[in-house]
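S.K.:
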Amino acid sequence: CCCLGLPPTLQGSGAQGPILRFDGEAFRLKKTRELVRALLVLRLCAWPPLLLSWSQRLLGSRLSGALLRASVYGQFVAGETAAEVQGSVQRLQGLRLRPLLAVPTEEEPGTRRGGEAWYEENLDAMLHCVDLSSLMQLKVTALTSARLCRELSLRLQEPGKAGELRPERLATAMEHGQDLSISSLSPEQNQHLRASLNRFHRIAQYARAQAVRLLVDAEYTFLNPALSLFVAALAVRWNCPEEADGDGAPWVWNTYQAYLQDTYERLHGAAEAAERAGLAFGVKLVRGAYLETERALAQQSGAADPTQPNYEATSRSYSRCLELMLGHVCRRGSRCQLMVASHNEESVRQAVKRMSDLGIPPDGAVCFGQLLGMCDHVSLALGQAGYSIYKSIPYGSLEEVIPYLLRRAQENRSVLQGAKREQELLSQELLRRWSPPSLRRHMFLSHIWLCLSPPPPIADIKGLKEKTTSICAIWTWA
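So for the sequence shown, UniProt numbering puts the first residue at 1; every next one is plus one.
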């Protein structure tokens, strides 16, 4: 289909495409201390969230903060200052991994923030960190209220209302600061909408000037119509031919969640619409992170469940969407770009094989994305094979980021359960390094065994302290 060829280092691998080994061999690139921390933290993530919320009571505030900073924070967060983030970026680049900066700020539905000032503070934080990576992901509800998104989503589904909310109209208002007014919104809501559009334009304009591409995250289903509207408006302005750089790649990308039943149809329609309009099209394809919440909300409201019935159905949906997008990439070249954001080894293998079949180069219009601190056996293998692989790196203070991480952990239970294989590979690499056997090694393994055993009940203070002591001992020996 494509005329592009594979680089010499990956040719000759046969019809099955380049051979990638996700067997933990790439862990040899990492320090022992990093492997130990990863093993312990991934196991700790399987503890009930209540344990983490009670950790200050059980361990004391200062000790708890120190443990969180040395473990969970250090594993999943790039740092608190620009210098710390830059250090994390350099370490990733040394492993042939690329940074995808993530602002750990969002507005949970039902909460109220302190007016426009809160959204302006979020914008300032983004502007200060835009130039730290070539890709940056953001959540719309960091720049506008979830209440407004909910209201706009409802209006978009009403007959005759969509014309007033055309992306082209919002794009013009964004750029020229026109006094946009939507008839179905109150004066206060219209004022907030205009301020929000101004924030979207400022971050997109600054990112474009710094040659940074914006990946807009999906959120809850009942907010997504409004989120897609904002992304479409940004795309009209920034993904047009006039803004194209050397390869014509999109500056603004949208995120599609394969665990929703209508995702394939929406993705197909959006890709076709972008091609007809002559716009570049960028997609981050994910399985989705709000499954339990979406089902609970549907049950409470008596609405139909918007999600796929099970994990297998979600995987089939992901596979269909992946095939669709690879076809568009093959046909449109760099004007259509895809991030395969998945921790699933089979999805990654499918993408790699189809890229080889279609002649899409490893460092071209398709890249891969995974969370910092997770699935490193896949990330490192992709990077060493020459593929573009990004690690999503949140930044911020301990107080800002830990609540964000806890929400992500709650939403990504299936991902954390899938980390069992990564734990096994980490253990194998550590055992390889600690041989021949010695008393020190036996003592270390006894502590490892205690840490990997099922967590004790919350009320078992003694058991929790024993497990904590083992964690500290392992950390010291590493």
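Backbone N, C-alpha and C fix where the C-beta goes; we use that ideal spot for every residue, glycine too. Just so you know, these numbers come straight off a predicted model, no measurement behind them.
I'd like the span of the beta strand (DSSP E) that includes T32, first residue to last.
M.R.: Where T32 is concerned, there is no enclosing beta strand (DSSP E), although the alpha helix (DSSP H) it sits in stretches over 32-44.
S.K.: In three-state terms, what does DSSP make of K353?
M.R.: Three-state DSSP puts K353 in a helix.
S.K.: Is the number of C-beta pairs between the region 374-391 and the region 24-35 that are closer than 8 Å three or more?
M.R.: Taking 8 Å as the limit for Cβ pairs, the verdict is that the region 24-35 does touch the region 374-391.
S.K.: If you compare alpha carbons, which of I19, S301, I360, S347 is closest to H328?
M.R.: Of I19, S301, I360, S347, the residue nearest in Cα terms is I360.
S.K.: Should V401 and Y119 be called a contact, given that it needs their Cβ atoms to be closer than 8 Å?
M.R.: No, the Cβ-Cβ distance between V401 and Y119 is not below 8 Å.
S.K.: Taking just the CA atoms, how far does R295 sit from E422?
M.R.: The straight-line gap from Cα to Cα measures roughly 29 Å.
S.K.: Can the beta-carbon of K284 be found closer than 8 Å to that of T255?
M.R.: Cβ atoms of K284 and T255: closer than 8 Å.
S.K.: Under three-state DSSP, which class holds N198?
M.R.: In the structure shown, N198 sits in a helix (DSSP, three-state: H, G or I).
S.K.: Out of G396, G160, S153, E108, state which residue places its alpha-carbon closest to the alpha-carbon of K139.
M.R.: If we check each option's Cα against that of K139, E108 comes out closest.
S.K.: Look at R335 and G246 and say whether their C-beta atoms are less than 8 Å apart.
M.R.: No. Outside cutoff.
S.K.: Please list, in chain order, all residues of the same chain as R166 whose beta carbon is under 7 Å from its beta carbon, the five residues on each side excluded.
M.R.: None.
S.K.: Quick check: A351 and L322, are their CB atoms within less than 8 Å of each other?
M.R.: Against a cut-off of 8 Å, the Cβ pair of L322 and A351 comes out as a contact.
S.K.: With a floor of 4 residues, list each alpha helix (DSSP H) that falls wholly inside the region 263-288, ordered by position along the chain.
M.R.: The region 263-288 contains these whole alpha helix (DSSP H) runs: 263-277.
S.K.: Using the Cβ count rule (16 or more neighbours within 10 Å means buried), how would you classify E292?
M.R.: Answer is exposed; the Cβ neighbour count stays below 16.
S.K.: Pick helix, strand or coil for F222, following the three-state DSSP scheme.
M.R.: Helix.
S.K.: Which of the three DSSP states is assigned to K139 in this structure?
M.R.: Coil, per DSSP.
S.K.: Is it buried or exposed, T144, if we count other Cβ atoms within 10 angstroms and call 16 or more buried?
M.R.: Per the 10 Å Cβ criterion, buried.
S.K.: What would DSSP say about C129, mapped onto helix, strand or coil?
M.R.: DSSP places C129 in helix when its eight states are reduced to three.
S.K.: Select from W251, G278, L405 the residue whose C-alpha is nearest the C-alpha of R332.
M.R.: The residue with the shortest Cα to Cα distance from R332 is G278.
S.K.: Where does R166 fall in DSSP's three states?
M.R.: If DSSP states are grouped into helix, strand and coil, R166 belongs with coil.
S.K.: I'd like to confirm the pairing. Which residues does DSSP put opposite Q370 in its beta bridges?
M.R.: In DSSP, Q370 forms a bridge with K391.
S.K.: Taking the alpha-carbon of E265 as reference, which of R320, E312, A341 has the nearest alpha-carbon?
M.R.: Measuring from the Cα of E265, the nearest candidate turns out to be R320.
S.K.: Please report how far the alpha carbon of W251 lies from the alpha carbon of E175, in whole angstroms.
M.R.: Each residue's Cα considered, the two are about 16 Å apart.
S.K.: On the DSSP bridge list, what partners appear for Y256?
M.R.: Looking at the DSSP assignment, Y256 forms a beta bridge with L285.
S.K.: Need the endpoints of the beta strand (DSSP E) that R213 sits in, please.
M.R.: Its beta strand (DSSP E) spans residues 213-216.
S.K.: Can you grab the Cα-Cα spacing for the pair A274 / G282, in whole Å?
M.R.: Their backbone Cα atoms lie some 10 Å apart in a straight line.
S.K.: Using DSSP with H/G/I as helix, E/B as strand and the rest coil, what is L428?
M.R.: The sequence shown places Gln at residue 428, not Leu. The answer is helix: DSSP assigns Q428 an H, G or I state.
S.K.: Return the Cβ separation of L324 and L267 in integer angstroms, given the expectation that the two are a contact with Cβ distance under 8 Å.
M.R.: Right, their Cβ atoms sit about 6 Å apart.
S.K.: Would you kindly work out how many angstroms separate the C-alpha atoms of residue 563 and L40, rounded to a whole number?
M.R.: Lying outside 1 to 478, the shown extent of the chain, residue 563 is not represented and no answer is given.
S.K.: Let's see if you can read the secondary structure: which residues bound the alpha helix (DSSP H) around V378?
M.R.: Run containing V378: 376-384, per the alpha helix (DSSP H) assignment.
S.K.: By alpha-carbon positions, which one of K420, Q428, L132, E399 ends up nearest to T105?
M.R.: When each option's Cα is compared against that of T105, the closest is E399.
S.K.: Are the beta-carbon atoms belonging to R208 and E243 less than 8 Å from one another?
M.R.: Yes, the Cβ-Cβ distance between R208 and E243 is below 8 Å.
S.K.: Which class does P250 belong to by DSSP, given the choice of helix, strand or coil?
M.R.: It is coil, neither helix nor strand.
S.K.: Could you pull out every unbroken beta strand (DSSP E) segment of at least 3 residues lying fully inside the region 313-350, listed in chain order?
M.R.: Correct list: 336-341.
S.K.: Taking the alpha helix (DSSP H) that R96 belongs to, which residues open and close that run?
M.R.: Here R96 belongs to no alpha helix (DSSP H), and DSSP marks it neither H nor E.
S.K.: For the alpha helix (DSSP H) holding L148, just list the boundary residues, first then last.
M.R.: That run of the alpha helix (DSSP H) goes 146-156.
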